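S.K.:
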Amino acid sequence: MSFEHDLIVSVHQPQYLPWLGYFDKIEKSDIFVFLDNVQFKKNEWQNRNRIKTVQGWQWLTVPVLHKFPQKINEVKINNTAAWGKKHLNSMVTHYSKSPFFKEYFPFFEKTYSRDWNYMVDINIHIIKFMVRALGISSTQFLMSSEIKTREDSTKRLLDICRDLKAKIYLSGRNGARYMDETLFHKEGIEVIYQDYHHPEYPQLYGEFVPYISAVDLLFNCGPKSLSILKNGE
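Read in order, the letters of the sequence shown correspond to residues 165 to 397 in my numbering.
Dropping the structure here:
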């Protein structure tokens, strides 16, 4: 890997149908590391997200077979429920009238027709598609489970940055609450914090609803999605 500027690394758990800020973090990074070997948190963002409907937002939740304290990459999907068909039908019901639905829907139709065993796999599959659909092309992806790290939360992130020879670690907005930033400074790694302000864009169904899945942006705005995403900077 060769970069003409200081290497920027960010790290985040693989989420299901993530919101705009997740892709802003990817877009701002040279390397984005999927944090797949930490404890899974059920019913946060790792197995569910929200879309907009006529009645407001609604959850799309993937049922999982979760046993505490399983790691993200160990959690299996509960395929006894017809969740894929339900999620696909929700997209048809609530987005079929959006301007760019036909452009992106075939991917989701194909995705939900497949058998998925692990939550991490479908999450990353969808994220990488959405990255391509948005037009983000320069970010490289790695898995934290492929990198030898310590278990402490700050030291784990530090070990990832050291392994990748990062000069800048891009943290989420709340990273300062749990990270010991001085450890990064001792290694000559600058820590910067994401400060994403959600942009407004044309949506179906009246008043704008922020902080929902980025599929809403893609279906409604198509090729303009990336420039809208960047307006949140």
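Even glycine gets a Cβ: it sits at the ideal position worked out from N, Cα and C.
Note that the structure is predicted; figures quoted are calculated from it, not measured.
1. Would the stretch 289 to 300 count as touching the stretch 368 to 388 if we require 3 or more Cβ pairs under 8 Å?
2. So what's T318 in DSSP terms, helix, strand or just coil?
3. Return the first residue and the last residue of the beta strand (DSSP E) that G220 is part of.
4. What separation, rounded to the nearest whole angstrom, lies between the Cα atoms of G339 and K240?
5. Give the single residue among I172, L171, N243 whose Cα lies nearest to the Cα of H230.
6. Applying the 10 Å Cβ sphere with the 16-neighbour rule, what's the burial state of A245?
7. CB-CB under 6 Å to S166, same chain, minus the five flanking residues each way: which ones, in chain order?
8. Measuring alpha carbon to alpha carbon, tell me which of L184, V228, Q304, K206 ends up nearest F196.
9. Where does K329 land, buried or exposed, given buried means 16+ other C-beta within 10 angstroms?
10. Counting contacts by CB-CB distance shorter than 9 Å, is E364 in contact with chain D?
11. Can you name the start and end residues of the alpha helix (DSSP H) that S277 belongs to?
12. Measure the alpha-carbon distance for L171 versus P363 and round it to whole angstroms.
M.R.: Here's the rundown:
1. As far as the Cβ criterion goes, the stretch 289 to 300 touches the stretch 368 to 388, which means the pair count is three or higher.
2. Locating residue 318 in the sequence shown gives position 154, where the first residue counts as 1. Residue state, collapsed to three classes: helix.
3. Taking the sequence shown and counting its residues from 1, one reaches residue 220 at position 56. 220 to 225 is the span of the beta strand (DSSP E), which, as asked, contains G220.
4. The residue labelled residue 339 in the question sits at position 175 within the sequence shown. The residue labelled residue 240 in the question sits at position 76 within the sequence shown. So the two alpha carbons sit approximately 28 Å from each other.
5. On the sequence shown, residue 230 is found 66 positions in, with the first residue counted as 1. Residue N243 is the option with its Cα nearest to H230.
6. For the purposes of this step, residue 245 is identified with residue 81 of the sequence shown, where counting begins at 1. Exposed, because fewer than 16 other Cβ atoms sit within 10 Å of the Cβ of A245.
7. By 1-based counting over the sequence shown, the position of residue 166 is 2. Low per-residue confidence applies at S166: pLDDT is 47, beneath 50, and the placement is therefore not dependable enough to give any value.
8. Your numbering for residue 196 matches position 32 in the sequence shown. That would be Q304, whose Cα lies nearest to the Cα of F196.
9. Here residue 329 refers to the residue found at position 165 of the sequence shown. Residue environment analysis places K329 among the exposed positions, since fewer than 16 neighbouring C-beta atoms fall within 10 angstroms of its C-beta.
10. Absent here is chain D; the protein component of the structure consists of one chain.
11. Taking the first residue of the sequence shown as position 1, residue 277 is located at position 113. Boundaries of the alpha helix (DSSP H) around S277: 265 to 277.
12. In the sequence shown, residue 171 corresponds to position 7, counting from 1. In the sequence shown, residue 363 corresponds to position 199, counting from 1. For L171 and P363, the distance between alpha carbons rounds to 27 Å.
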